[in-house]
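Terminal number for the sequence shown in this note's numbering: 421, no gaps in between.
These notes concern the structure reproduced below.
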Amino acid sequence: MRDLFARIRENKGPLGKWASQAEGYFVFPKLEGSISNRMKFQGKEVITWSINDYLGLAHHPEVMAVDAASAAEHGAAYPMGARMMSGHTDFHEQLENELADFVGKEASYLLNFGYQGIMSAIDALVSKDDIIVYDVDAHACIIDGVRLHMGKRFTYKHNDIESLEKNLDRATKMAEQTGGGILVITEGVFGMRGEQGKLKEIAALKSKYNFRLLVDDAHGFGTLGKTGAGAGEEQGVQDQIDVYFATFAKSMAGIGAFLAADQEVIDYLKYNLRSQMFAKSLPMIFVKGGLKRLELLRSRPELKDKLWENVNALQNGLRERGFDLGTTTTCVTPVYLKGSIPEAMALVKDLRENYGIFCSIVVYPVIPKGLILLRLIPTAVHTMEDIQITLDAFSSIRERLENGTYQRLSAAVAAQMEG
Ligand SMILES: Cc1ncc(COP(=O)(O)O)c(C=O)c1O
C-alpha cells in the first residue's frame, strides 16, 4: 500500500510547487514595523500597497490604546469557551447590537473568524432540499461553504445577470421538486478585480424568483456607501440583503467577523452555527477593540473621505498614464500588464528593490495566461507623496517591461538557476 504522504511529496499543489523560487519574497514575505503606508521589507523602507487596512485604523492611537487597555485588563484569553457555554459577555452583545444598527439590520452575531464563520453560515442556512446559486468567482470561503451543502448547487457566470437568471430558472424547477428554497450568494466587492457584485440587479430579480440573498461584503464594509455600511448601502439595496456578512480583517483592522440579518435568522444561527457552537468565543481584545473601531467608523467620516481622496488620486493618475485598471469601482486597484510569469517576477523585484514599492502580484492561473496583475490597496494613511512616487515608478516599470528589460533579466536568472 502507498504511503499517504507520497502524493504530497510528488505534488506540492498549484502554489506549493513555486515555493523554492518564491518563498520569502513573492510569498510569505516578512513586512516589519507598524502597519502603515511605509514599512520595512528585508531591511529597506517600502511604500506598502498590499494591506487592507483601508481606514488606517491598525495603527490609530485611539485604537491601539483600547487594544492595549483590553489586553491589560483581560489578557488574550477572556472569555474562555464557546459563546453558548462560557464565552458570552455584555460586550459581545453590545458590539452585536451596534453592528446590526450600523448595517441597518435587526440583529447580528459575532464570528471568531470570517472564513469559517461564513462557511458555517452557509451550512446552517440550507438543508439538503435547498439549492444554492452562487457567483463562480466567489471567494474561497464561499466555495468551501458550498462544499458542505448536501443538496444541489449551481454557479452563474461572474456578475452575469442573464446567467444568474438562467440558473435561477433551473433552481426554481428543482426546488419545486425537492420542496426546498433557494440561497443566492455573491460578494459585495470582488477583492481581486475590485468590481462590486451587482446587488441592485440581483435584488431586482426577487420580484420574479423566490430566493434569499447572502452577501460577503468583506471589502465593502467601511469603504462603500454614505455611512460606510457597504456595497448594499452604496447600491441602495441594503434592505434586500437577507444575510449580510463582513470581516474585521479589513476596514476594522482586527480579527473576527459578523453576520447581520432579521432577528429570527440570527436567533436561529446562534443555535446552529457550528463554527461558533464548537469553538472559542472572540477574545475581549477584539470585542472592545471592535467597539472602538466601529465608533471611529461612525464618528470620523473624514477617514473614509481621505481613503477615497487617495483612491481617486491613485486611480485617476494611473488611468491618465494609460494603465488598464479593468472594471474596478472600489478602493481595490488592479493594474493589468502583459507579460510572462518570469517577467512578472523580475518586474516585482525591480519595484521592491529599486523603487521601494511593495504591492501584491497575481499571475496565471488566478488570471489568464500572459497577464500580470499588480494589486494596490490605497488606505487613509497613504500620502500624496506615496502616490506620486508610485505613479512615476509604474510609468518607469512599464517602459522597462515593454523594452524587454524584464525578459532579459528573467532569462539571466533562469540561466543562472540552470547553471
Ligand atoms: C471576500 C472575503 N471573505 C471572507 C474573508 C475571510 O475573512 P477572515 O479573514 O475574517 O477569515 C476574506 C479575507 O479576509 C475575504 O476577502
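Every residue, glycine too, gets a C-beta built ideally from N, C-alpha and C.
Backbone CA spacing between residue i and residue j [nearest angstrom]
i, j, result
"Asp139", "Val368", "10 Å"
"Arg4", "Ile10", "12 Å"
"Phe247", "Thr188", "11 Å"
"Ala206", "Gly291", "37 Å"
"Arg377", "Cys361", "6 Å"
"Ser52", "Ile379", "6 Å"
"Glu178", "Val148", "21 Å"
"Asp125", "Leu275", "8 Å"
"Gly183", "Arg323", "49 Å"
"Ser412", "Val29", "18 Å"
"Met82", "His90", "9 Å"
"Ser301", "Gln265", "26 Å"
"Gly181", "Lys175", "10 Å"
"Ala71", "Arg295", "14 Å"
"Leu185", "Glu387", "46 Å"
"Glu12", "Ile389", "44 Å"
"Trp310", "Glu401", "28 Å"
"Tyr136", "Phe156", "7 Å"
"Lys351", "Ser283", "41 Å"
"Ile144", "Glu203", "20 Å"
"Ser397", "Tyr338", "13 Å"
"Arg195", "Leu353", "21 Å"
"Glu197", "Leu375", "15 Å"
"Glu95", "Gly199", "30 Å"
"Thr407", "Pro63", "44 Å"
"Leu293", "Leu97", "6 Å"
"Glu226", "Ser277", "Checking the sequence shown, residue 226 turns out to be Leu, not Glu. Cα-Cα distance, rounded: 28 Å."
"Asn356", "Gly15", "32 Å"
"Ala21", "Asn54", "24 Å"
"Gly328", "Phe192", "12 Å"
"His76", "Asn99", "22 Å"
"Lys19", "Glu108", "47 Å"
"Gln409", "Lys340", "12 Å"
"Val68", "Ile399", "42 Å"
Nearest-angstrom beta carbon gap, residue j and residue i [assumed within contact, 8 Å]
i, j, result
"Phe250", "Phe288", "7 Å"
"Leu101", "Met121", "With a Cβ gap of about 20 Å, Leu101 and Met121 do not count as contacting."
"Leu316", "Leu349", "Actually they are not in contact, since the Cβ atoms of Leu316 and Leu349 sit about 19 Å apart, beyond 8 Å."
"Ala395", "Ile359", "5 Å"
"Asn114", "Gly258", "6 Å"
"Asn253", "Leu299", "The sequence as given places Ser at residue 253; Asn does not occur at that position. Rounded, the Cβ-Cβ distance is 7 Å, consistent with contact."
"Ile268", "Tyr111", "5 Å"
"Gly35", "Lys42", "5 Å"
"Val105", "Gly232", "7 Å"
"Gly58", "Leu305", "7 Å"
"Tyr56", "Ala382", "7 Å"
"Leu170", "Phe213", "7 Å"
"Asp219", "Gly190", "3 Å"
"Leu393", "Leu320", "7 Å"
Opposing strand residues paired with residue i [DSSP bridges]
i, result
"Arg214", "Leu185"
"Tyr56", "Note: Tyr56 sits in no beta bridge, so no partner."
"Leu339", "Ile374"
"Phe396", "In the DSSP output, where bridge partners are listed per residue, Phe396 has none listed."
"Leu33", "Phe43"
"Val245", "Leu216 and Ala263"
"Tyr111", "Leu261"
"Gln198", "Val191"
"Asp326", "Tyr338"
"Thr50", "Phe360"
"Phe422", "This structure does not reach residue 422, given that the chain is present from 3 up to 421, and the question cannot be answered."
Residue environment, residue i, which counts as buried when at least 16 other CB atoms sit within 10 Å
i, result
"Pro285", "buried"
"Gly26", "exposed"
"Arg85", "buried"
"Tyr158", "buried"
"Leu6", "exposed"
"Gly372", "exposed"
"Pro336", "buried"
"Asn161", "buried"
"Gly230", "buried"
"Gly238", "exposed"
"Met87", "exposed"
"Asp132", "buried"
"Glu235", "buried"
"Ala142", "exposed"
"Thr50", "buried"
"Leu17", "exposed"
"Gln240", "buried"
"Lys154", "buried"
field: Distance cut 5 Å, beta-carbon to ligand 3 heavy atom: residue list by chain order
entry: As for ligand 3, it is missing from this structure, which binds only ligand 1.
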